[in-house]
Structure formats: C-alpha cells, structure tokens
Amino acid sequence: MQPNPAENEVSITLPNATSGISELVSMNGEILGSFNFKNTNTFILPLKEITSGGMYLLRVTTSEAILTEKLLITR
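Numbering follows the numbering used here, with no gaps: position 74 of the sequence shown is 75.
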C-alpha cells in the first residue's frame, strides 16, 4: 500500500490475489467505503470522499486471506 500517509488515493498491490474487496474502516469500526476488484492484483482506492484526516484501517479480503493495515489520511 502506497503512499502512506495518503491524501487523494492509495495504490494497493497484492501479489497472490486477483479478486476481492477492500474496505476503508474508521477507528470506531464504521465502514466508510468499499471497493470490489476483479482480475487484477493492483488497484487504486480513491480517498477524495473522506473529509477528515486521521488514522483509518484498510481491510482487504480475498479468497486466501484477510489483511488489515493502518492508513494515515492527511487533509
């Protein structure tokens, strides 16, 4: 995942995955947005609709695993 911290978008590369769902989650557990990806192991997650900067969680679920990373969004 890069860049981190991020402002407008973040690029995610999953070497062994080709489809799944990514979710941006607040530190309170609220899902703020989700993005489905298919037939790719790299995708861009737009962050423009997130109005407040701060720490968030990016959760990516594939058929093989669930990955969660902290993401700092700057505004």
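Built from N, CA and C at the ideal position, the CB exists for glycine as well.
Expected contact under 8 angstroms - CB spacing of Val26 and Leu58 to nearest Å: With a contact defined as Cβ atoms closer than 8 angstroms, Val26 and Leu58 qualify at about 4 angstroms.
- request: With DSSP as the reference, label Thr62 as helix, strand or coil.
  value: Thr62: strand per DSSP, three-state reduction.
- prompt: Thinking C-beta only, is Gly54 closer than 8 angstroms to Thr69?
  reply: Taking the C-beta atoms as reference points, Gly54 is found no nearer than 8 angstroms to Thr69.
- request: Report the rounded CA-to-CA distance for Glu65 versus Ser23, giving the unit in angstroms.
  value: When rounded, the distance between both Cα atoms is 14 angstroms.
query: Is it right to say Gly21 is buried, meaning 16 or more other beta carbons lie within 10 angstroms of its own, or is it exposed?
result: Result: buried.
- prompt: How about Ser72 and Asn42: are their beta carbons less than 8 angstroms apart?
  reply: Here residue 72 is Leu; the residue named in the question, Ser, does not match the sequence. No, the pair does not count as a contact, with Cβ atoms beyond the cut-off.
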